[in-house]
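Novice: Quick one: the structure is below, questions incoming.
There are 2 protein chains.
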Amino acid sequence: MEAAKSQLSESSDHVLTAGPLEVRLDQRTVLADGRGIILTVREFHLLAVLASRPEQVVSREEIYDLVWGGAMPNHDRSVDVYVSKLRHKLETALPHWSFIQTHIGFGYCFSPRPLNP
Amino acid sequence: MEAAKSQLSESSDHVLTAGPLEVRLDQRTVLADGRGIILTVREFHLLAVLASRPEQVVSREEIYDLVWGGAMPNHDRSVDVYVSKLRHKLETALPHWSFIQTHIGFGYCFSPRPLNP
DNA sequence: CACCTGCGTTCACAAGTCTTTTACAGCAGG
DNA sequence: CCTGCTGTAAAAGACTTGTGAACGCAGGTG
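Chains A and B, in that order, give the protein sequences. Quick note, the first sequence lines up with residues 2 to 118 if you use our numbering. Quick note, the second sequence lines up with residues 2 to 118 if you use our numbering.
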């Protein structure tokens, strides 16, 4: 039942939930199936930005502005690099879930879904 | 038996217990396996603040506000220095336990756990 | 009063971690 | 093929944290 849920729900203003993933904004912590995941400041901020807009495609420029602040320099790859790092940590913690989709030529989309098998 | 317990329990409003550590708020004393640990005023206050929120990540700013009072001056390292002093005393008293985790770029977390070897 | 001691604060440096940049490989489209 | 885009490892650089030491201060002691 919960498996089909792709919508992110908010227990409160400070907690984002997506499947087995829980992002606690006020405490700067992330739980995967109740176990803590250690993220760096950037990784956490990036996840918070993406997870707060489930199912919405967000452009690199906007992500950059929200997480790094200011306009994204030309040819900057920071967003890509951090999405990669974040995906890696999420995958390690929750191997059967996928959270971030790439939208080629544009940006990324937070869209939690269980992987079939 | 108790080894697996990472949650802090409260025998009363005035005593915080975490593994073999007992913080007596009303008496301003700390016991490690029943033996007293001598802490200075600052050290005790810091421990009390952290131990009263087990498993919660607390920012340096908040710690500073609660223990020192007021806003933390820029580049102030008092919190770090006292965490270091506190860790040292706790380690001396309870070599096989770890109590305070660092969350880089943010703050500290009181998370009592026995050390494996 | 002169001295000693303990505490809190600040400083400085080493060690460690994180961020940014760079480079290269794979992929899809023309 | 050639080009543009993405994934990602690794190098280089920037920033954080741990901690010993120095300093000033206040209280206690002879």
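Yeah, the Cβ is synthetic: ideal placement off N, Cα and C, and Gly gets one too.
#1: Would you please verify whether the beta carbon of B:Gln-57 is less than 7 Å from any beta carbon of chain A?
#2: Of all Cβ atoms in chain A, is any one closer than 7 Å to the Cβ of B:His-35?
#3: Does the beta carbon of A:Val-50 come closer than 7 Å to any beta carbon on chain B?
#4: When the Cβ atoms of the segment 63-77 of chain B are set against those of the segment 33-42 of chain B, are three or more pairs found closer than 8 Å?
#5: Could you say if the segment 18-32 of chain B and the segment 89-108 of chain A meet the contact criterion of at least three C-beta pairs nearer than 8 Å?
#6: Quick check on A:Val-42: buried or exposed, where buried means 16 or more other Cβ atoms within 10 Å of its Cβ?
#7: Chain A partners of B:Phe-111, CB-CB under 8 Å?
#8: Establish whether the CB of B:Phe-107 and some CB of chain A are separated by less than 7 Å.
#9: Return the chain-ordered list of same chain residues with a C-beta closer than 6 Å to the C-beta of B:Ser-99, the five sequence neighbours on each side being excluded.
#10: Let me know the secondary structure DSSP gives A:Ile-105 once reduced to three states.
#11: Quick one, are the C-beta atoms of B:Ala-52 and B:Val-24 less than 7 Å apart?
#12: Quick check on the DSSP output: the alpha helix (DSSP H) that includes B:Arg-88 runs from which residue to which?
#13: With distance defined between alpha-carbon atoms, name the residue in B:Ala-19, B:Gln-28 and B:Phe-45 nearest to B:Leu-87.
#14: So, for B:His-104: in the same chain, excluding its five sequence neighbours on each side, which residues have a beta-carbon less than 7 Å away from its beta-carbon?
#15: Is the CB-CB distance between B:Ser-60 and B:Gly-106 below 7 Å?
#16: Does A:Val-42 come within less than 7 Å of chain B when only Cβ atoms are used?
#17: What beta strand (DSSP E) runs, 3 residues minimum, are completely inside the segment 48-77 of chain B?
#18: Around the C-beta of A:Ala-19, are 16 or more other C-beta atoms found within 10 angstroms, so that it is buried, or is it exposed?
#19: List the residues of chain A that B:His-104 touches, going by C-beta distances under 9 Å, in chain order.
#20: Using three-state DSSP, classify B:Arg-43 as helix, strand or coil.
#21: Less than 7 Å separating the beta-carbons of A:Val-50 and A:Leu-67?
Specialist: If we stick to the structure as given:
#1: yes
#2: The question names His, yet the displayed sequence has Gly at residue 35 of chain B. Judged by the 7 Å Cβ criterion, B:Gly-35 is not in contact with chain A.
#3: no
#4: no
#5: no
#6: exposed
#7: Within 8 Å Cβ-Cβ: nothing; B:Phe-111 doesn't reach chain A, min ~13 Å.
#8: yes
#9: Arg-114 and Leu-116
#10: coil
#11: yes
#12: 79-94
#13: B:Phe-45
#14: Val-58 and Cys-110
#15: no
#16: yes
#17: 58-60
#18: buried
#19: Arg-29, Thr-30 and Ile-39
#20: helix
#21: yes
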